[in-house]
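Residue numbers (the numbering used here), protein chains in the order written: chain L, 1 to 96; chain S, 97 to 192.
Note that the Cβ used here is the ideal one computed from N, Cα and C, for glycine as well.
For clarity, every value in this text was computed on a predicted model and none was experimentally measured.
Notes to accompany the following structure.
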DNA sequence: CTCAAATATTAACATATTATAATCTGTTAA
DNA sequence: TTAACAGATTATAATATGTTAATATTTGAG
C-alpha cells in the first residue's frame, strides 16, 4: 500500500479511534460487548445522565460503531462491526 | 472488576485512544512500527510540516505512547509500550 | 567562532468537543 | 385522552484541539 492509501486509511481509522477516545463512549462499548441493551440500561450500568447517554449513543452510531433497533417503547443498541468487537477485546486483554 | 475501577480504566484507555485518534499522530505511530526514526525522517515519510511533526511527537510522548532519545544532533523517536505496538498491529490487521 | 541543519516553542486564530439543563417526541397503558 | 415512561434534540457556555507561521534553541561541521 502506498502513502496516499495509508493516509486515507489513517483518516478513517483515526476517526474510529477518536470516537472511542472518550471515557463515556468507551464505557458504553464495553457494556455492549456481552449483549444489546436499551438506553436506560446503559444509563444505569454506566451511571451517566439520560441526555449524555443519548448523545454518546448518537455519536457512536453516526461513526458506525453501533447499531440500533426499535422494540416498541425501547431502543436496543448493539455493537455493529465485528472489528470494533475485536478491537474492544484487544483493549480489555491489554489494559484490564 | 467493579464499575468504579472500570470507569477509572476507561479514562486512561480513552486517553490513549484519543491520542491515537488523529490521522497525523496515527501515521507517525504507523511509521514507527518497524524502527525508530528522527523527526526529519518522520516528516518526510508522513509528508507533514516540521512544526506539526514536532508537535504531534510531543503530544504522543506526553501521552506515554512514544519515547525519545538523543543521538547527537538527532532525536530518535520510538514506540514506548509493547501494548501500543500490539494495538497498532491489531489495527493494521483489521483495517489494512 | 560561526553557520546551517535539526528540532522545539510560541502565538494567533479557527474549529470542535463537552457538560448541563431544558425541552420535545413517541409509546404504552389505564 | 392523558399520565408516565423512554428517548432524542437543542441551546449554551466552557474548554480543548488543530493549523499555520514565525521565532528560538541546540549541535556538529568547518
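Item to complete: Between the Cα of residue 48(L) and those of 149(S), 100(S), 184(S), spot the shortest distance and give me the residue it belongs to.
Response: 100(S)
Discussion item. Between the segment 20-39 of chain L and the segment 133-141 of chain S, can you find at least three pairs of beta-carbon atoms closer than 8 angstroms?
Written reply: Contact fails between the segment 133-141 of chain S and the segment 20-39 of chain L, because fewer than three Cβ pairs, one in each stretch, are under 8 angstroms apart.
Worksheet item: Does any CB atom of chain S fall closer than 8 angstroms to the CB of residue 35(L)?
Response: Interface criterion not met: the Cβ of residue 35(L) is under 8 angstroms from no Cβ in chain S.
Practice prompt. State the DSSP-derived secondary structure class of residue 61(L), mapped to helix, strand or coil.
Written response: Reduced to three states, the DSSP call for residue 61(L) is helix.
Item to complete: Using a Cβ cut-off of 8 angstroms (strictly closer), state whether residue 160(S) contacts chain L.
Response: For residue 160(S), the answer is no, since every Cβ of chain L falls outside 8 angstroms of its Cβ.
Worksheet item: Taking C-alpha atoms, which residue in 181(S), 192(S), 189(S) lies nearest to residue 94(L)?
Response: The shortest Cα separation from residue 94(L) among 181(S), 192(S), 189(S) belongs to 181(S).
Worksheet item: Do you know whose CA, among 118(S), 112(S), 160(S), 168(S), lies nearest residue 148(S)'s CA?
Response: 118(S)
Practice prompt. Drop a sphere of 10 angstroms on the beta-carbon of residue 33(L), count the other beta-carbons inside from all chains shown, and report buried for 16 or more, exposed for fewer.
Written response: exposed
Practice prompt. Kindly indicate the opening and closing residues of the beta strand (DSSP E) around residue 39(S).
Written response: What the structure shows of chain S is the stretch from 97 to 192, and residue 39(S) is not part of that stretch, so it cannot be assessed.
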